[in-house]
Each structure stands twice: as structure tokens, then as C-alpha cells.
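See below for the structure under consideration.
Protein chains: 2
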Amino acid sequence: MTESDTMTGADEDAAVGAWAKRCYMAGRAVMDATLRPFDLGSTQWYVLWHLAQSGPTVQRDLGRKLELERATLSGIVTTLVRKDLVAQSADGTDQRQRLLSLTPAGHALWQELPDLTFIHDAAFGGADPADLETAARVLRAATENLQSLLKKD
Amino acid sequence: MTESDTMTGADEDAAVGAWAKRCYMAGRAVMDATLRPFDLGSTQWYVLWHLAQSGPTVQRDLGRKLELERATLSGIVTTLVRKDLVAQSADGTDQRQRLLSLTPAGHALWQELPDLTFIHDAAFGGADPADLETAARVLRAATENLQSLLKKD
DNA sequence: TGACATTCGTTCGCTACCTATCAATTATCG
DNA sequence: CGATAATTGATAGGTAGCGAACGAATGTCA
């Protein structure tokens with residue numbers, strides 16, 4: 001047993017949580033390394049991806065889809081606007097909302113970006129589909145348990 | 001299927017990678033909320049935890065145990081030193097190394113901190129042990145696959 | 001021994017999360 | 001209608017992570 005096993009707790013349950021973190025961090029590291037030549041962060045890529053796929057989107061809606069707090073997305077959008085990849089325009093109906101869309105430069109960059117499918121394939125491609133389903137179910141249940149723990153407070 | 005599919009939450013919510021992130025974030029949120037009254041971050045807690053359990057530790061070793069880069073741990077240690085919870089002293093044999101230990105205030109705070117095992121219990125307590133084992137195995141394999149992807153570059 | 005390489009901790013600059021708060025806007029309800 | 005509540009986006013301040021680069025200390029090897 002390694003020291004990190006003891007760190008995360010003596011039982012197997014804790015190990016799942018620790019591996020969830022490691023897996024997330026490792027995935028992000030690969031994504032960041034792939035996008036570094038393009039001066040793009042992983043979450044910035046998700047924003048471009050969504051806008052390229054779904055077209056102009058109200059900022060709040062995008063935040064809900066990417067599961068980011070308003071403040072988090074606000075900062076990322078500011079960065080992308082500064083890079084002239086995303087435009088933030090007023091929406092006619094609700095003056096509070098901002099409509100996000102790709103600029104021409106954003107469109108152009110999106111065309112040049114490599115396909116990131118290989119990341120997911122490398123990570124999970126060799127796994128038994130049934131095991132993947134089980135892992136997803138365990139993680140989903142844990143997430144919901146934890147979130148309901150926060151609500152209760 | 002890429003990470004992007006998972007983020008959109010379209011219908012493929014069986015995506016393990018996305019749930020790994022959600023699970024990690026949710027766990028950290030509960031931990032942060034629990035530790036907020038004590039003005040402690042989650043990783044700061046891990047540092048105190050290890051020092052309370054294992055006694056004085058060379059900084060680099062602690063970094064390896066907690067799987068943190070030197071730069072990351074350096075910042076966290078600085079914060080804990082500023083709060084007078086951790087002391088950073090010179091080690092006799094190697095003048096490069098710093099020996100970390102709990103200060104009296106650090107010991108005192110540690111005694112007052114609540115038990116955090118309820119978090120893992122709430123998250124994974126209701127799951128089938130076999131499923132937990134499967135989830136851990138899937139995540140571990142994915143992590144190793146991703147890390148070897150980084151080495152190759 | 002001396003030259004070179006490695007290691008440790010720090011610092012810098014960055015991404016990406018969060019909470020709390022604020023101004024502006026819109027929604028709701030008496 | 002008007003007062004109050006809720007929502008949007010921005011900002012401030014904090015935590016957590018990374019890579020790159022640097023000085024000091026240590027290891028290695030010709």
C-alpha cells in the first residue's frame with residue numbers, strides 16, 4: 001500500500017474519490033498540453049466548442065451547460081473577448097443578458113484546432129463497456145450524494 | 001466520444017470523464033464548506049493531516065505523497081506558515097531541503113477540526129463494494145493511460 | 001579536483017474554480 | 001402602479017493547480 005492510499009483514507013471508498021481527482025487532472029493535463037500551441041485553456045476550448053456547435057448562446061445558458069458559475073464563465077469570456085475569439089453582444093429581449101458568438105477569428109481558429117477525440121479514446125478506449133457504465137453510475141451517485149449534502153447545510 | 005460530448009450533457013451522460021470531474025468538484029466543495037469556519041482550504045487540510053499523522057516531513061517528500069508539484073506545495077506551505085500553523089526549518093543533512101512540522105497552534109487547530117470521514121461515507125457508503133472496486137480500476141487505468149500519453153510527447 | 005548535471009524550494013505568470021457582493025435589469029405581487 | 005424579489009454579468013478576493021526559470025546546494029564523473 002502506498003502512502004497516497006493512506007492519505008486518502010484507509011478504505012477503498014476513498015480510493016475512488018482520489019482516482020476521480022487523478023483522472024480529471026490527468027485528462028486536463030493532456031488537453032492543456034495539446035492546446036498549448038494554440039494558447040488556449042481547456043475550458044476556453046469548451047466555450048469555443050459549444051459556440052461552434054450551437055451558435056450564438058446567452059452567457060448564462062452556456063454557463064449552465066458547462067456547469068460553471070457565472071463568475072467563472074465571466075472571466076473566461078473576458079479572456080476570449082480580449083483574444084478576439086468571442087464577441088459579447090447585447091440581447092434584444094433582456095438587457096441583462098449577453099449573447100456570445102464566435103468572431104471570424106474564432107471561427108478560423110476553430111477550424112485549425114486538432115481533434116481531441118484521441119484523449120477520451122486513449123483514456124477509456126480499452127475498458128470494458130460494462131465497467132465504464134458501472135464507474136459512471138458510481139461517480140454519478142457519489143456526486144449526487146455530495147451535492148445533496150451541500151444543500152442540507 | 002470526446003470530453004466535449006460529456007460536457008454538453010446531451011444524452012451521453014455515461015461519460016466517465018465528466019463524472020470524474022463532477023465527483024471531484026463536489027467532494028472538494030463539501031470539504032471546503034466544512035473547513036470554511038476554520039479558514040482552511042482542502043489541500044491545506046491534507047498538509048496538516050499528514051504532519052499530524054507522520055510528524056515532521058521534508059517538503060519534497062510531502063509533495064510526492066500528496067501528488068503536488070513543488071511550486072504548488074510551496075505556495076500552500078507559505079500560506080500555512082503565514083497562519084503560524086506550520087513551521088519550515090532547515091534540515092541538517094541537506095541544506096536544500098526544508099523540514100515541515102506543525103507549530104503548537106497547528107497542533108491545537110488540528111485537535112479542533114471535525115472528522116471528515118463523513119464525506120467519503122456520504123459519497124460512497126451506499127455503493128456496492130464490487131462496483132467501487134470496478135470504478136477505481138477504470139479510473140486508475142484511464143489515469144495511467146493519460147499520463148503515458150503525456151510522457152510520449 | 002573541477003566541470004557539469006541534478007535537485008530543492010521559490011517566484012512568476014497563467015488557467016480555472018469558488019463565494020460574496022454590486023449595479024442594472026426584469027419579474028412578481030399586493 | 002409601485003415596492004420588493006429574483007436574475008444577469010462583473011468584480012474582488014481566495015484556493016488550487018500547472019510549467020518555466022532561477023539561485024543555492026548537492027551529486028556525478030572524467
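Keeping their order, the protein sequence lines are chains A and B. Under this note's numbering, the letters of the first sequence match residues 1 to 153, in that order. Under this note's numbering, the letters of the second sequence match residues 1 to 153, in that order. Glycine included, every Cβ here is placed at the ideal spot set by N, Cα and C. Given the structure is predicted, the values throughout are model-derived calculations rather than measurements.
Check	Outcome
C-alpha distance - glycine 106 of chain B paired with leucine 66 of chain B, whole-angstrom precision	19 Å
Alpha-carbon to alpha-carbon, glycine 41 of chain A and aspartate 32 of chain A	6 Å
Inter-stretch contact (C-beta, 8 Å, three-pair minimum) for the segment 119 to 133 of chain B and the segment 143 to 151 of chain A	yes
Inter-residue Cα distance where the pair is valine 138 of chain A and lysine 151 of chain A	20 Å
Closer than 8 Å to chain B by CB, alanine 71 of chain A	no
Beta-carbon gap between leucine 100 of chain A and glutamine 88 of chain A smaller than 8 Å	yes
Integer Cβ distance of arginine 185 of chain A from glutamine 97 of chain A, believed to fall under 8 Å	With chain A covering 1 to 153 only, the question about residue 185 of chain A has no answer from this structure.
Residues that glutamine 147 of chain B contacts on chain A, provided the C-beta gap is smaller than 9 Å	Arg22, Ala26, Ala29, Val30
Per DSSP, the bridge partner or partners of leucine 62 of chain A	Answer by DSSP bridge pairing: none, since leucine 62 of chain A is not bridged.
For alanine 141 of chain A and alanine 15 of chain A, the rounded distance between their alpha carbons	16 Å
Cβ neighbour criterion (16 or more within 10 Å) applied to alanine 71 of chain A	exposed
Buried versus exposed call for arginine 64 of chain A [16 or more other C-beta atoms within 10 Å across all chains shown]	exposed
Within 8 Å, strictly: CB atoms of alanine 135 of chain B and alanine 135 of chain A	yes
8 Å Cβ cut-off: residues of chain B touching leucine 100 of chain A	Simply none; closest approach about 15 Å.
Element boundaries [alpha helix (DSSP H), containing leucine 102 of chain A]	First-last for leucine 102 of chain A: 98 to 102, but that is the beta strand (DSSP E), not the alpha helix (DSSP H).
Every unbroken beta strand (DSSP E) within the segment 74 to 149 of chain A, with a cutoff of 3 residues, ordered by chain	86 to 90, 98 to 102
Residues near threonine 103 of chain B in its chain [Cβ-Cβ closer than 8 Å; skip 5 each side]	Asp84, Leu85, Val86, Ala87
Below-8 Å beta-carbon distance, alanine 135 of chain A vs any chain B residue	yes
Beta-bridge partners of threonine 57 of chain A, as assigned by DSSP	A:Leu100
Residue closest to leucine 80 of chain A, alpha-carbon to alpha-carbon, out of A:Val30, A:Trp49, A:Ala130, A:Thr117	A:Trp49
Among A:Ala29, A:Leu109, A:Leu73, nearest to leucine 149 of chain B - alpha-carbon criterion	A:Ala29
Among B:Tyr46, B:Thr57, B:Ala108, nearest to threonine 117 of chain B - alpha-carbon criterion	B:Tyr46
Cβ distance (whole Å) where aspartate 76 of chain A is taken to contact threonine 34 of chain A below 8 Å	Per the sequence shown, residue 76 of chain A should be read as isoleucine rather than aspartate. The pair is not a contact, with the Cβ atoms about 18 Å apart (cut-off 8 Å).
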